[in-house]
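A quick write-up on the structure given underneath.
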Amino acid sequence: MEHYNMNLTLKVWRQKSSKEQGRFETYQVSDISSEMSFLEMIDVLNERLIKEGKDPIAFDHDCREGICGACSMYINGRPHGPWHANTTCQLHMRAYKDGDTIVVEPWRANSFPVIKDLVVDRTAFDRIVQAGGYISVNTGNAVDANAMLIEKDKADAAFAAAACIGCGACVAACKNSSAMLFLSAKVSHLALLPQGEPERKSRVLNMVQQMDKEGFGSCTFTEACEAVCPKEISVTNISRLNKEYIIAGLTEDK
Ligand code: SF4
Ligand code: FES
1 MEHYNMNLTL KVWRQKSSKE QGRFETYQVS DISSEMSFLE MIDVLNERLI
51 KEGKDPIAFD HDCREGICGA CSMYINGRPH GPWHANTTCQ LHMRAYKDGD
101 TIVVEPWRAN SFPVIKDLVV DRTAFDRIVQ AGGYISVNTG NAVDANAMLI
151 EKDKADAAFA AAACIGCGAC VAACKNSSAM LFLSAKVSHL ALLPQGEPER
201 KSRVLNMVQQ MDKEGFGSCT FTEACEAVCP KEISVTNISR LNKEYIIAGL
251 TEDK
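Start counting the sequence shown at 1; every next residue gets the next number (the UniProt record's numbering).
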């Protein structure tokens, strides 16, 4: 595709802290290259704001290659912007045309309070993982890769679930702010593997308990989460999570 430059109007959510009210601020940006990434476009605007002695827009990012999950942004009403199975950092300006208006907001969910501007506190996810998203193994030499044989369909499903980067787009897209897609990915990838077996029951019970404690909403199966997930995590994982939870609850050692 031909490279082109464009002038854009940005409406960006500005909020000094979780204690203060936020508002949209409008910025005109010019000569934006279609080759730039969305985050580079914000970098350009921020350099200008700094030169003008103004506060730059705070936004989260780390890897800028779709693996860390930090770049949470709600762009024109969709988490991570218009491209399917894509993170904000992988979104490029060729998704837009000259004269477009782009509205940029933080994730909106009570469990993800705004820290500043577009940055939200996603440590609720960390606490859910700390509640059980791990396996306990004896340390020592790494086990030979072929020592534990795993059926191909299970290995594939576990790998697909493990692709979740904890970005929170599923929560942001859900009308109930449910974290079920995220949790189902974390529970599934361990429940499907023999390494996850010893803590299988306590893991799901503890992680669900922590999710409820964090105040995430219930899943009413609208599948909005799957539609926006940059890693295409399937809602079939939610069915697996529900099954794991029921079995663990019924057979738990009291
Ligand atoms: S399930 Fe998808 S949308 Fe949700 S946190 Fe994981 S990668 Fe992000
Ligand atoms: S900055 Fe790491 S996934 Fe976007």
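Note that CB positions come from ideal geometry on N, CA and C, so glycine has one too.
Just so you know, these numbers come straight off a predicted model, no measurement behind them.
Between the CA atoms of residue j and residue i - distance to the nearest angstrom
{"i": "LEU241", "j": "VAL114", "result": "29 Å"}
{"i": "LEU10", "j": "VAL228", "result": "22 Å"}
{"i": "ALA162", "j": "HIS84", "result": "19 Å"}
{"i": "ILE150", "j": "PRO198", "result": "16 Å"}
{"i": "MET73", "j": "ALA160", "result": "24 Å"}
{"i": "ALA173", "j": "LEU45", "result": "27 Å"}
{"i": "LYS213", "j": "LYS97", "result": "44 Å"}
{"i": "TYR4", "j": "SER34", "result": "6 Å"}
{"i": "SER188", "j": "GLY66", "result": "21 Å"}
{"i": "GLU25", "j": "ALA95", "result": "22 Å"}
{"i": "ILE32", "j": "LYS231", "result": "28 Å"}
{"i": "LYS19", "j": "GLU47", "result": "27 Å"}
{"i": "LEU39", "j": "ASP60", "result": "10 Å"}
{"i": "ALA109", "j": "ASN141", "result": "43 Å"}
{"i": "LEU190", "j": "VAL208", "result": "15 Å"}
{"i": "ASP121", "j": "THR220", "result": "24 Å"}
{"i": "LEU164", "j": "LYS51", "result": "The question names Leu, but residue 164 in the sequence shown is Cys. Roughly 38 Å between the two C-alpha positions."}
{"i": "ILE42", "j": "GLY77", "result": "18 Å"}
{"i": "LEU91", "j": "GLU2", "result": "17 Å"}
{"i": "residue 295", "j": "LYS152", "result": "The chain is shown only over 1 to 254; residue 295 falls outside these bounds and no answer can be derived."}
C-beta atoms of residue i and residue j nearer than 7 Å
{"i": "HIS80", "j": "ALA185", "result": "no"}
{"i": "VAL235", "j": "GLU244", "result": "no"}
{"i": "LEU183", "j": "MET211", "result": "yes"}
{"i": "ILE75", "j": "VAL104", "result": "yes"}
{"i": "ASP117", "j": "ALA58", "result": "yes"}
{"i": "ASN206", "j": "ALA131", "result": "yes"}
{"i": "LEU8", "j": "ASP144", "result": "no"}
{"i": "GLY196", "j": "ILE247", "result": "no"}
{"i": "TRP13", "j": "PRO82", "result": "no"}
Close-in-space but distant-in-sequence residues of the same chain around residue i (CB under 6 Å, 5 per side omitted)
{"i": "CYS68", "result": "ASP62"}
{"i": "GLY217", "result": "ASN176, SER177, SER178"}
{"i": "LEU181", "result": "CYS170, CYS225, ILE233"}
{"i": "LEU192", "result": "LYS154, ALA157, ALA158"}
{"i": "ALA124", "result": "SER111, GLU214"}
Contact set for residue i: own chain, Cβ-Cβ below 8 Å, skip 5 residues either direction
{"i": "PRO194", "result": "MET148, ILE150"}
Contacting residues, own chain, Cβ-Cβ under 7 Å from residue i (five flanking each side not counted)
{"i": "LYS16", "result": "LYS116"}
{"i": "ASP126", "result": "none"}
What are the start and end residues of each continuous beta strand (DSSP E) run of 3 or more residues lying completely inside the segment 108 to 151, in chain order? 114 to 116
Please specify which runs of the alpha helix (DSSP H), each continuous and at least 4 residues long, are wholly inside the segment 174 to 215, giving them in chain order. 180 to 191, 200 to 213
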